[in-house]
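Residue numbers (our numbering), protein chains in the order written: chain A, 32 to 133; chain B, 20 to 479.
So the structure is just underneath, and the comments pick up after that.
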């Protein structure tokens, strides 16, 4: 119990941000017309590629002799950037189709 | 972390919020996507160049290669993919994001042994990342037809036990503070297996829910890795995706009148008895029709409503259907499309498909607005949709889809249903609409049937 309280007091800012971010996310997406559900999802999917920042941190901090960390980090960066680039590009392509009819 | 980098992350976080907000409105969506993408690029470049570590050149070279290869692959896939394959693609990309979080967790485990808070985040990243990874791959396989629904005997029990076991196992590793690579690999393996088993039994009609849920989970995995590094852009970005995905998940569940736990734990059509009962009730004769008869019917109608479903996507018939709509409009027929929120295999699937073939925005009408119009409709043309027009949702309490809001096409004067065969829909239940005396069945692949219909109409 003490450990939990200590964890909360040490990370109070983080917890505030976490909770506020959840509310922002909910408010942002509420009432989106169903026409945009697919692009919204693929756009959000691209955003979740932000995990690549972590993958980059792994590679930046890896000891060059630690092949496991370097190798896994390498794969993580490749997969993460596929998620980012592919996600944003395909969302753009989709939205392009919606646009040209105006 | 340098103050410059912190400010850059702050800017990126703001672009994510603004971008997501703009993605929710038709006029600003494209710009919103661009703004979020710019924020992401800035965050990536900042991370690489503005840090306080001593980084060997080799690492830099490897990072460059990884970024180049990944960007190229991502770009090529995004440019080449057909619009009908969108649900598969989103699942695939999503799986990659999850895998990335999983790999980060594996590497960071060794660096954080002993610290309870850090170890728990690492474990959570590994578990959630792995589940999204294999779960998304299964969803991908199911969507492109290479994987069928697999239901082990007592799969609910097995899945639930495995799920509780995973949590207990994770908690055990955290509490023990053990630096055991073996334990971590065991946990990894169990999570990967759970991801497979979790999506295996979920039927095609529930795919929009599953995809949204997996999308949300990847966001949560990203947020957890953000906690690990105390990195705000990852935390906020991940949470935004997580909560947005969860909202979409619930919207999809509402559209089917099912709870989330019902989708995950009570897969459609698993119960053979239900299917049997439904078939018995709908026994009767089916009226077949031909393209020329259907063309006559459509030609002399005043108001036609087209109901597209997954069959349209499978047959890639979105261009033909637009041609049909144009031919009919030229003949003075009022044509519109009725869009059910869960038609297809992902949220908004039909909208994307019809947008690709340049169908006018205003002709796509959502369920609540089109339903009152069916009594005044002369002909409804159902193309590759099944469960979303099944009247059993209204009048058969024994049906697994009872209570789901549907398109009330049975109120129209005539109904033409284009289907490949009399096979039941993805929910595995028979549709009494097909046995209705007002219904005529136009069997055949959507593309060839519609092409024939268009040429018949042109000859009139």
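Note that the Cβ used here is the ideal one computed from N, Cα and C, for glycine as well.
Asked	Found
Just checking, does the segment 128-145 of chain B make contact with the segment 82-95 of chain B on the three C-beta pairs under 8 angstroms criterion?	no
Just the chain A side, please: which residues come within less than 9 angstroms of residue 356(B) by C-beta, in chain order?	Residues of chain A passing the Cβ test: none, with the nearest at roughly 12 angstroms.
Are at least three pairs of beta-carbons, each pair with one atom in the segment 262-271 of chain B and one in the segment 83-94 of chain A, less than 8 angstroms apart?	no
Go through its chain and collect everything with a Cβ distance to residue 257(B)'s Cβ below 6 angstroms, but skip five positions before and after it.	238, 241, 242 and 245
Please state the DSSP three-state secondary structure of residue 68(A).	helix
Inspect the beta-carbon positions of residue 357(B) and residue 402(B) and report whether they are closer than 8 angstroms.	no
I need the straight-line Cα distance from residue 115(A) to residue 66(B), nearest angstrom please.	15 angstroms
Taking Cβ to Cβ, would you say residue 473(B) is nearer than 8 angstroms to residue 346(B)?	yes
What are the residues that DSSP puts in a beta bridge with residue 327(B)?	402(B)
How far does the alpha helix (DSSP H) with residue 459(B) in it extend, from its first residue to its last?	Taken as a continuous stretch (DSSP letters only), residue 459(B) belongs to no alpha helix (DSSP H), being part of the beta strand (DSSP E) at 458-462.
For residue 59(A), which residues in the same chain have their Cβ closer than 8 angstroms to its Cβ, ignoring the five residues on either side in sequence?	none
Count the CB pairs spanning the segment 419-438 of chain B and the segment 392-408 of chain B that are closer than 8 angstroms, and state whether there are at least three.	yes
Count the other CB atoms, across all protein chains shown, that sit within 10 Å of the CB of residue 290(B); report buried if there are 16 or more and exposed otherwise.	Reliability fails at residue 290(B), whose pLDDT of 40 lies under 50, so the model's placement of it is uncertain and the value that follows must be treated cautiously. Exposed: under 16 other Cβ atoms inside 10 Å.
Just checking my contact of residue 196(B) with residue 79(A) at CB under 8 angstroms: how many whole Å lie between their CB atoms?	Residue 196(B) to residue 79(A), Cβ: 30 angstroms. No contact.
Check the C-beta distance from residue 354(B) over to residue 323(B) and give it rounded, since I have them as a contact under 8 angstroms.	5 angstroms
Is the distance from the Cβ of residue 106(B) to the Cβ of residue 194(B) below 8 angstroms?	no
Using a Cβ cut-off of 8 angstroms (strictly closer), state whether residue 123(B) contacts chain A.	yes
Between which two residues does the alpha helix (DSSP H) containing residue 260(B) stretch?	251-274
So which residues of chain A does residue 423(B) contact, with C-beta pairs closer than 7 angstroms?	What residue 423(B) touches in chain A: nothing, since even the nearest Cβ is about 16 angstroms away.
Can you pull the chain A residues whose beta carbon is under 8 angstroms from the beta carbon of residue 66(B), in chain order?	84, 87, 88 and 91
Run through the DSSP bridge pairs and tell me what residue 356(B) is partnered with.	325(B) and 383(B)
Where do the ends of the beta strand (DSSP E) carrying residue 437(B) lie?	433-438
Mind pulling the chain B residues with CB within less than 9 angstroms of residue 39(A)?	Here the premise fails: no neighbours, minimum Cβ distance about 10 angstroms.
Determine, for residue 36(A), whether the minimum Cβ-Cβ distance to residues of chain B falls below 8 angstroms.	no
For a minimum of 4 consecutive residues, which ranges assigned as the alpha helix (DSSP H) are wholly contained in the segment 82-117 of chain B?	none
Identify whether residue 40(B) lies in helix, strand or coil by the three-state DSSP scheme.	helix
Counting only Cβ pairs nearer than 7 angstroms, list the residues of chain A close to residue 393(B).	By Cβ distance, chain A contributes nothing, its closest Cβ being about 19 angstroms from residue 393(B), past 7 angstroms.
Along chain D, which residues have their Cβ under 7 angstroms away from the Cβ of residue 327(B)?	This model lacks chain D altogether, as its protein chains are A and B.
Tell me the rounded alpha-carbon separation between residue 57(A) and residue 262(B).	6 angstroms
Where does residue 477(B) fall in DSSP's three states?	helix
Could you tell me whether any Cβ in chain A is nearer than 8 angstroms to the Cβ of residue 22(B)?	no
Going residue by residue through the segment 147-207 of chain B, where are the continuous alpha helix (DSSP H) segments of at least 4 residues, counting only ones entirely within it?	174-195
Where DSSP assigns a beta bridge to residue 16(B), which residues make up the other side?	The structure shown does not extend to residue 16(B), since chain B is modelled only from 20 through 479, so no value can be given for it.
Classify residue 351(B) as buried or exposed, calling it buried when 16 or more other Cβ atoms lie within 10 Å of its own Cβ.	exposed
If you compare alpha carbons, which of 394(B), 149(B) and 250(B) is closest to residue 25(B)?	250(B)
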